[in-house]
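Q:
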Amino acid sequence: MGLIQRPNDDASGAASGNGEQGVLLTTVKQAVRLAQKHSVWPLTFGLACCAIEMMASAMGRTDIARFGMEVFRPSPRQADLMIVAGRVSLKMAPVIQRLYEQMPEPRWAIAMGACASCGGPFDDYAIVQGVDCYIPVDVYVPGCPPRPEMLLNGILMLHEKIARGESPASEGGIYVPEGDYEWTGGKPE
Ligand code: SF4
Numbered sequence: 000m001g002l003i004q005r006p007n008d009d010a011s012g013a014a015s016g017n018g019e020q021g022v023l024l025t026t027v028k029q030a031v032r033l034a035q036k037h038s039v040w041p042l043t044f045g046l047a048c049c050a051i052e053m054m055a056s057a058m059g060r061t062d063i064a065r066f067g068m069e070v071f072r073p074s075p076r077q078a079d080l081m082i083v084a085g086r087v088s089l090k091m092a093p094v095i096q097r098l099y100e101q102m103p104e105p106r107w108a109i110a111m112g113a114c115a116s117c118g119g120p121f122d123d124y125a126i127v128q129g130v131d132c133y134i135p136v137d138v139y140v141p142g143c144p145p146r147p148e149m150l151l152n153g154i155l156m157l158h159e160k161i162a163r164g165e166s167p168a169s170e171g172g173i174y175v176p177e178g179d180y181e182w183t184g185g186k187p188e
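Going left to right, the sequence shown walks through residues 0 to 188 as numbering that gives the first Met the number 0 numbers them.
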């Protein structure tokens, strides 16, 4: 993408003459990436205390609407970003996976907080030690809980990945556990 300077523009870049500013050149691919980057719609979805901070990111102080993301969608069919905010229990893991599978591609996922990223302080039989045991994660946001600003930072990192044209982690496939979602700790092989 670039701005072509007209021959009669002065050295400062300001256009002279009739006020025309030049020509913006881009490709369809870059235009699509720009549109994707500025229209990521998150799924309305929270699991625990981190979800409160996620909700706060929509408030006036951080104002996620500045990035075209204020539309938290109630249906996975209309969302392309899952923010996993909070600890993931073993019972909830298949539900998260089902919701993720129902989101249209390209789709992205953010693991928000220590619990979603790696189990946090809950090293026990009931909590999954990282949601990436069940769905592919694009960005990890550390903290317990991460402040809304940290979530925004993670979202901006995701935007940069989209703008660079990086493939979503979902293209690597989804881990499908065998049997009845019995999980005994650690990451799947
Ligand atoms: S990371 Fe901390 S704040 Fe977030 S869900 Fe876990 S315990 Fe709660």
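Here a beta-carbon is modelled for each residue, glycine too, at the ideal position from N, C-alpha and C.
(1) I want to see whether chain C comes within less than 9 Å of C117, judged by CB atoms only; does it?
(2) Return helix, strand or coil for L155, following the three-state DSSP convention.
(3) Hey, is the stretch 17–36 in contact with the stretch 154–165, meaning 3+ C-beta pairs nearer than 8 Å?
(4) How is W182 classed by DSSP in three states: helix, strand or coil?
(5) Counting C-beta neighbours from all protein chains within 10 Å, is the total for Y124 16 or more, i.e. buried, or is it exposed?
(6) Contact between the stretch 134–151 and the stretch 44–60: three or more CB pairs below 8 Å?
(7) If you measure from the CB of L150, is any heavy atom of ligand 1 nearer than 8 Å?
(8) Taking 9 Å as the threshold (C-beta atoms), are A92 and C132 in contact?
(9) Compute the minimum distance between the beta carbon of L98 and the heavy atoms of ligand 1, and state whether it is under 8 Å.
(10) If you draw a straight line from the alpha carbon of F44 to that of G21, how long is it in whole angstroms?
(11) Between which two residues does the alpha helix (DSSP H) containing V39 stretch?
(12) Counting only the same chain and skipping the five closest in sequence on each side, list residues whose C-beta sits under 7 Å from that of D79.
(13) Could you give the C-beta distance for A115 and V130, rounded to a whole number, given that I count them as a contact under 8 Å?
(14) Any heavy atom of ligand 1 closer than 8 Å to the Cβ of G119?
(15) Using only the heavy atoms of ligand 1, determine whether one of them is closer than 8 Å to the beta carbon of C48.
A: In this structure, then:
(1) The structure shown has no chain C; it contains just one protein chain.
(2) helix
(3) Between the stretch 17–36 and the stretch 154–165 there are three or more inter-stretch CB-CB distances shorter than 8 Å, so the stretches are counted as touching.
(4) Note that W182 has pLDDT 42, beneath the 50 cutoff, so the model's placement of it is unreliable and the number below is only indicative. Correct three-state label for W182: coil.
(5) exposed
(6) yes
(7) No; taking the cut-off as 8 Å, the Cβ of L150 has no heavy atom of ligand 1 nearer than that.
(8) Taking 9 Å as the Cβ cut-off, C132 and A92 qualify as a contacting pair.
(9) no
(10) 44 Å
(11) Premise fails: V39 is in no alpha helix (DSSP H) and is neither H nor E.
(12) V39, W40, M102, P103, P105, R106 and W107
(13) Their Cβ separation, rounded to whole angstroms, is 5 Å, which keeps A115 and V130 in contact under 8 Å.
(14) yes
(15) Relative to ligand 1, the beta carbon of C48 is positioned inside 8 Å of a heavy atom.
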